[in-house]
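K.L.:
Before I ask anything, let me first share the structure, which is written out below as structure tokens.
2 protein chains.
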Amino acid sequence: MKVKVILLPMGREVYLRKGVNLRAGLIELGIPIDSPCGGQGTCLKCKVQISGVHQGCTELEQEKLSPEELRNGWRLACQVTAEEPGKIHLPETDVLWKALAFNPLGEQISLQPNVRRRNFHINEPAISDQRGDWDRLAEDLEIGETVPLFIDLPLLREFSGRLREWNFQGEAILAGNNVVALEPPNSRLDILGVAIDIGTTTLAGGLVDLETGTVVALDVSLNPQIVFGADVISRISYIQENPERRKTLQKKLIRALNQLLLRMCRIAKKKRERIFEATVVGNTTMLHLLLGLDPVHIALSPYVGVLNRSLSLRANELGLHIHPLGKVHALPSVASFIGADTVAMILATKLHQTSVPKLAIDIGTNAEIILSTGSGMLAASAAAGPAFEGGRIKFGMRATKGAISMFHATPSPKYAVIGNSIPQGICGSGLIDLVSELFRVGVLDPTGRLLLAQETSSPINPDLAQCVRIRGAEREFVVYTDKTREITLTQRDIRELQLAKGAIRAAIEILMKEANINISDITEIFLAGVFGNYIDPEKAHTIGLIPPFPKERIHFIGCGALNGCLKALINLDERQQANDIARQVSHIELSSRADFQDTFVRYLKLGRKYGVRAQHSTN
Amino acid sequence: MKVKVILLPMGREVYLRKGVNLRAGLIELGIPIDSPCGGQGTCLKCKVQISGVHQGCTELEQEKLSPEELRNGWRLACQVTAEEPGKIHLPETDVLWKALAFNPLGEQISLQPNVRRRNFHINEPAISDQRGDWDRLAEDLEIGETVPLFIDLPLLREFSGRLREWNFQGEAILAGNNVVALEPPNSRLDILGVAIDIGTTTLAGGLVDLETGTVVALDVSLNPQIVFGADVISRISYIQENPERRKTLQKKLIRALNQLLLRMCRIAKKKRERIFEATVVGNTTMLHLLLGLDPVHIALSPYVGVLNRSLSLRANELGLHIHPLGKVHALPSVASFIGADTVAMILATKLHQTSVPKLAIDIGTNAEIILSTGSGMLAASAAAGPAFEGGRIKFGMRATKGAISMFHATPSPKYAVIGNSIPQGICGSGLIDLVSELFRVGVLDPTGRLLLAQETSSPINPDLAQCVRIRGAEREFVVYTDKTREITLTQRDIRELQLAKGAIRAAIEILMKEANINISDITEIFLAGVFGNYIDPEKAHTIGLIPPFPKERIHFIGCGALNGCLKALINLDERQQANDIARQVSHIELSSRADFQDTFVRYLKLGRKYGVRAQHSTN
């Protein structure tokens, strides 16, 4: 018996076994509920707000939660069993986006990883069987394999002694046809993999138990290369001035990835040395910088990089701190501005397997738009800039504790902060909410101009009106203020958002035109990105980021690139599909099109369609 | 038109194109005639003694050679054209054994190396063709390949810039399915490979131009590990006392191999970085020590090492100074005492492809005896000791300049020295000659005892008789004497030789017994080893090393293991055959046989059969 439960705020439907512990059940679904006490009911980190699901509460909950919390439906996930259908509002912490990130479509991904454990118990040598120790083991392990196995020399060095200590039993860990570890019998140590999405601004990682397919940690951090340029072109220019800088950028990136790995391992209480494989995606330039390849020709017509193919190498060739014999597999790119992140996004949304038109939009510093026509895929890249990830925004920050991630203008201005802490800045979803809400209530006009109280076409709630002010030459909206700080949304911030959404929307329009497909032909839209919260389709419409489209068929899937990268980590067939996708996608080069600039300018305006909204009637 | 020529002293028949320059023709056949002047007739290093082949001599020869030399048939190979059948006595220098070493059976080995050059000229990128630079090249190179190509990261790092400098043309060097070098168009730099035989006492190497199959240098040096024990068991014991010593032994070996490589490259005027692959053979223990593997269990019943399988790795994993991305391929072993050297010896003699019984004997510190029954192969290993390579012999030395390599007792004592220099010691072939000749004339009795003049059963040439003397408690035979030095053959040296030949002969007898094959069933015998000269079958009979057998069907093939290793370097099919051979050979463990010790003791005596010779009638 299964119980249907809706996870909020993203509205994802999941099915839990009736009677399952809620914390355990959610973790099983790949939603890592932060619970350092391991479900003892002592850390209170797994606090969720439920309606339905379970009646009554335990004594422990009565003791640990306040009467008001209990009245409002707050419970400890570790104490609740799923009994009936209902809704669960996940904790509004930085765990939130993580819950959104993995397997957003609730798909069943079968476990077929490249790295796997093989138990062995081999015959002892005898005068009548003088095969070498490795020969003996290899012949045993090769049963069921299609190709001969290889072993790295360091593993052979102490092998004979250990094999005898272990009484000719043990565990071999294979990565592809490579033996990468030999361990005593019944060690049952973790076999982990990591999926990494290297964004221009944000690094995202997912740590996976490769024996269960469970995502045990998800985390993000800043790409430290941003100090050398906010977008790929400025980083390439920086390198071009002095080729030595390529090494610097690579080094910084790898150090940041190692820190991210370390943090994820700490969260999950795992060891980095137990990670045997990393799958990596990113835009083509980021993959070049990771590998230390020369990206210069990416920026020069005809925009061709060193490689688009997938590449497998040893982690120690990059200095990535996983198991010393671990592997790195970089997924393939389509072209210089349609990277492996897009390929992974397609894997995540299955756009390569649809027979009806669908649209996917990956919103990052470079946004990629993929239109599946039902018989093929077109993709375009739009330089959105880093606004959605907090870049070039005065109080911009990435989606972590302290980021304003939601905003409502009515009935009175109200924001939500990741981690329920004092606000530190505004993340991508907060930015979209602010612009969309301020535009909806008339504080912004369709050109994106912030209006003072006396300038608005209709009366504005005084609470809101008083937040608009002029500082120096610039208008701004005060989002938060206390004794020590102010957080504002400036006129320039709004312009950044307009540039970003204009570029993305223009790309969508051009792709549809190219494929001769109308928005009404499209059956689903997938929105992806690392924003800090889900994007409310209503708000995406309000600012004109996407064409008018039925809300219920818009899916926000979190970090689509990381999702696809995780699929390629867990399943070799998905990994092979990535290679096929890279060859199937047709790249539409926007910069070479005369109609792009006009379309872009037209969509700079806010509003559902060409800046049209009843309230303003500007058009 | 071809001209049949017999090469002396080994009696090998070769065919030269009529009219070909003799030096060039011999080099083409893989016999590296030392000729630093490049055939200008100035260095005189290519001096050979001919009969037939060519009538008359050039003015240059008349000027450079003495009238006596010319009378005795001495000529400069670079001045002679092959006109008619005849005989060529190769120069008695340390080049000699090299001439013997490669392709002793005159077989045509087709060129099918693992490393090969591919020229490319690829399409330039365009907006309509945005494949990455490497994708573009890989797709071009993969035409005709059966598996996808891989490239090492360092090669990709500067690839895009260079490709443009080179105008999208160039040369790729592939090792297997790996691109290991990318070079400008028309570079035509050497593609070299090296075959290495790691003996317990002697290291032998052959440097090959992999585009022509020509052996451009052959050389030997001492295995520096001998200071840690003359045989494999004593080296294993040494390591067993302290595992750290394994590293020391590996380091010393690799340093010596690097020196050997350097010397061969100097001889051939080649660069070590142009060597892209090394094939390696050796006995199982030596391969363990090369790879840094624990050999301890080789010495303990049931005598099983870490691996017998072939192993491919990168040269830099071992610190071998060839091209940084070059490969090392260690051939497979049969068992702990039937190593890859034996497998290579079988490749060289084609014992795996015969349908009639044949016998091959590889005489080294460990001797291996292989009996092909016509339907299968048996092999045994005998601890001969290092006598044949100069070890444990008072004036023993390896086959290099200054070594006495031949000895005749009658009509008067006469020796030959490698390099025609002042004698420094005695090499393997010299030792066999000495013992065999002294026994033939009665200075040694069948038990191997050196006889003083008064003890001989028949009168001895006084020139010889006066050379036998007693020093301290030991008898010895004075081979050479001058003002500063004496070179002697001691009673103990003779005992060493007896132990060696006894072990080898006993192994031969046991194998024949095991296979139920008589010596009369055998059609050919191959003798191999690094002796400094060929072994005269007559002398091998005289001391009883091999059973009585028609001389003309005994072939001395030089370093058989190196020959096979060279075949596996040049031809991938031969390399695959090596893997098959390793599985096909049945190992006969002599130490576990009750009849071995008796047979060994019986064959300690000198003489054609059980110490029987007419002159002595001791039996």
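Sequence order for the protein chains is A and B.
Start counting the first sequence at 261; every next residue gets the next number (our numbering).
Start counting the second sequence at 261; every next residue gets the next number (our numbering).
The beta carbon of each residue, even a glycine, is placed where N, CA and C say it ideally should be.
Can you tell me whether B/P808 is buried or exposed? The criterion is at least 16 other CB atoms within 10 Å of its CB, across all chains shown.
P.N.:
By the neighbour-count rule (16 or more Cβ atoms within 10 Å), B/P808 is not buried but exposed.
K.L.:
How about A/S388: is its Cβ closer than 7 Å to a heavy atom in the ligand PLP?
P.N.:
Only the bare structure without any ligand can be found here, which leaves the ligand PLP out of the picture.
K.L.:
Along the segment 545-567 of chain B, where does the CB come closer than 8 Å to a CB of chain A? Name the residues.
P.N.:
L551, G552, L553, D554, V556, H557, S561, P562, Y563, V564, G565, V566, L567
K.L.:
Could you have a look at B/Y740 and say whether DSSP puts it in helix, strand or coil?
P.N.:
strand
K.L.:
Against chain B, does A/P385 count as a neighbour if the rule is that its beta carbon must be under 8 Å from one of theirs?
P.N.:
yes
K.L.:
Less than 8 Å between CB atoms is the rule here; does B/H847 satisfy it with respect to chain A?
P.N.:
yes
K.L.:
Is B/R835 close to chain A? Criterion is C-beta to C-beta, closer than 8 Å.
P.N.:
no
K.L.:
Go through its chain and collect everything with a Cβ distance to B/M261's Cβ below 6 Å, but skip five positions before and after it.
P.N.:
K278
K.L.:
Please confirm whether A/G392 has its beta-carbon closer than 8 Å to some beta-carbon of chain B.
P.N.:
yes
K.L.:
Please classify A/Y675: does DSSP put it in a helix, a strand, or coil?
P.N.:
strand
K.L.:
Going by CA-CA distance only, name the one from B/A477, B/D450, B/I486, B/L482 that's closest to B/L471.
P.N.:
Here residue 471 of chain B is Glu; the residue named in the question, Leu, does not match the sequence. Considering only alpha carbons, the answer is B/D450.
K.L.:
Taking the alpha-carbon of A/L826 as reference, which of A/H612, A/G421, A/G542 has the nearest alpha-carbon?
P.N.:
A/G542
K.L.:
Along the beta strand (DSSP E) that carries A/D457, what are the first and last residues, could you check?
P.N.:
It spans 452-458 - the beta strand (DSSP E) in which A/D457 sits, taken as one unbroken run.
K.L.:
With three or more beta-carbon pairs closer than 8 Å as the criterion, would you say the segment 466-484 of chain A touches the segment 523-534 of chain A?
P.N.:
yes
K.L.:
Where does B/E834 fall in DSSP's three states?
P.N.:
DSSP places B/E834 in helix when its eight states are reduced to three.
K.L.:
Whose Cβ in chain B lies nearer than 8 Å to the Cβ of A/E418?
P.N.:
D554
K.L.:
Among the residues of its own chain, which have a CB less than 6 Å from the CB of A/L698, if the five just before and after it don't count?
P.N.:
The residues are L704.
K.L.:
First and last residue of the beta strand (DSSP E) that includes B/G346?
P.N.:
346-349
K.L.:
So, is the C-beta of A/D395 closer than 8 Å to a C-beta in chain B?
P.N.:
For A/D395, the nearest CB of chain B lies under 8 Å from its own CB, placing it at the interface with that chain.
K.L.:
Would you tell me roughly how many angstroms separate the C-alpha atoms of B/L822 and B/I456, rounded to the nearest one?
P.N.:
When rounded, the separation of the alpha-carbon atoms in B/L822 and B/I456 is 6 Å.
K.L.:
Between which two residues does the alpha helix (DSSP H) containing A/N576 stretch?
P.N.:
575-578
K.L.:
Do we get a CB-CB distance below 8 Å when we pair A/E628 with the residues of chain B?
P.N.:
For A/E628, the nearest beta carbon of chain B is not closer than 8 Å to its own beta carbon.
K.L.:
If you follow the beta strand (DSSP E) that B/A800 is in, where does it begin and where does it stop?
P.N.:
First-last for B/A800: 797-803, but that is the alpha helix (DSSP H), not the beta strand (DSSP E).
K.L.:
Within the chosen definition, does the segment 604-621 of chain A reach the segment 415-432 of chain A through at least 3 CB pairs nearer than 8 Å?
P.N.:
no
K.L.:
DSSP three-state call for A/W357: helix, strand or coil?
P.N.:
The predicted position of A/W357 is uncertain, since its pLDDT is 47 and thus under 50; no value can be drawn from it.
K.L.:
I think A/L336 touches A/L304, with their Cβ atoms under 8 Å apart; what is that distance to the nearest whole Å?
P.N.:
Confirmed, about 7 Å.
K.L.:
Taking the alpha-carbon positions, what's the A/T859 to A/D491 distance?
P.N.:
22 Å
K.L.:
What are the boundary residues of the beta strand (DSSP E) that B/E693 is part of?
P.N.:
In the sequence on display, residue 693 of chain B carries Asp and not Glu. Per DSSP, B/D693 belongs to no beta strand (DSSP E); it is in the alpha helix (DSSP H), 688-700.
K.L.:
When you compare the CB of A/R569 with every CB in chain B, is at least one pair closer than 8 Å?
P.N.:
yes
K.L.:
Can you tell me whether A/A788 is buried or exposed, with buried defined as 16 or more other CB within 10 angstroms of its CB?
P.N.:
A/A788 is classed as buried because its beta carbon has at least 16 other beta carbons within 10 Å across all chains shown.
K.L.:
Tell me whether the segment 736-755 of chain A and the segment 568-578 of chain A touch, counting them as touching only if at least three CB pairs, one residue from each stretch, are closer than 8 Å.
P.N.:
no
K.L.:
Determine the chain B residues that contact A/G421 at a beta-carbon separation under 7 Å, and present them in chain order.
P.N.:
Within chain B, the residues near A/G421 are D554.
K.L.:
Is the Cβ of B/S641 closer than 8 Å to any Cβ of chain A?
P.N.:
Output row for B/S641: interface = no.
K.L.:
Please compile the residues from chain A whose C-beta is within a distance smaller than 9 Å of the C-beta of B/L517.
P.N.:
Chain A residues near B/L517: none, gap ~16 Å exceeds 9 Å.
K.L.:
Report the residue from B/I686, B/E344, B/V265 whose alpha carbon sits nearest the alpha carbon of B/T656.
P.N.:
The sequence given here has Gly at residue 656 of chain B, not Thr. Here the closest residue by C-alpha is B/I686.
K.L.:
Which parts of the segment 510-552 of chain B are runs of the alpha helix (DSSP H), unbroken and 4 residues or longer, counting only runs that do not cross its ends?
P.N.:
544-551
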